[in-house]
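Take a look at the structure below.
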Ligand SMILES: *[C@@H]1O[C@H](CO)[C@@H](O)[C@H](O)[C@H]1NC(C)=O
Ligand SMILES: *[C@@H]1O[C@H](CO)[C@@H](O)[C@H](O)[C@H]1NC(C)=O
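Residue numbers (mature numbering (1 follows the signal peptide of the UniProt record, and there is no 0)): -16 to -1, 1 to 133.
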């Protein structure tokens, strides 16, 4: 018991998020014209698993980005789709605009929950994708298939 506790303490004090994933988040932050105060917590040089709205998995990969109702303004960086451990992206109830980067997000094989509702996106597919329950389900299925493979 004691040994396990020691290992857990060591692991949590030395591990940090992956640099490449941190730069994806900083790129997303840089793309915002209003960050609702996010930059106070999203500081380079700190472990991005501890940043506001971010949860990491046991491999210290970013698993959840939960930033609903944070007064975010500006555009979503398509590079978020390159976070290979990302399961949930919730950006609902903000003032995000421009084109929803569907290509970047659809190409993600990991996302199972995507909520970008209540924003100001433009583009023809926007309504369809926001209201569709089929798309996240397909991703859930694909995710399950990967797990069983
Ligand atoms: C963050 O810090 C790293 C390492 O110090 C540096 O290479 C990188 O350019 C910094 N990124 C930003 C956006 O400041
Ligand atoms: C996104 O977050 C909001 C606020 O916490 C919540 O009400 C909503 O259910 C979440 N969306 C999903 C798909 O989980």
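Glycine included, every Cβ here is placed at the ideal spot set by N, Cα and C.
- DSSP places residue 88 within a helical segment (H, G or I) once states are collapsed to three.
- Taking the C-beta atoms as reference points, residue 57 is found nearer than 9 Å to residue 78.
- Sequence-distant Cβ neighbours of residue 47 in its own chain, meaning closer than 8 Å and more than five residues away, are 39, 40, 41, 69, 70, 71, 72.
- Relative to the non-hydrogen atoms of ligand 1, the Cβ of residue 14 comes within a distance shorter than 8 Å of at least one.
- In this structure residue 50 is not in contact with residue 88, their Cβ atoms being roughly 19 Å apart against a cut-off of 8 Å.
- In the DSSP assignment, residue 49 is bridged to 38, 73.
- For residue 84, the shortest C-beta to heavy atom distance toward ligand 2 is 8 Å or greater.
- Secondary structure at residue 43: coil, using DSSP grouped into helix, strand and coil.
- At a threshold of 8 Å, residue 10 counts as near ligand 1, since its beta carbon sits closer than that to one of the ligand's heavy atoms.
- With a cutoff of 9 Å on beta-carbon distance, residue 20 and residue 55 are scored as near each other.
- If you draw a straight line from the Cα of residue 101 to the Cα of residue 74, it comes to about 9 Å.
- Under the three-state reduction of DSSP output, residue 81 falls in the strand class.
- When the alpha-carbon of residue 59 is set against those of 6, 2, 14, the nearest one is in 14.
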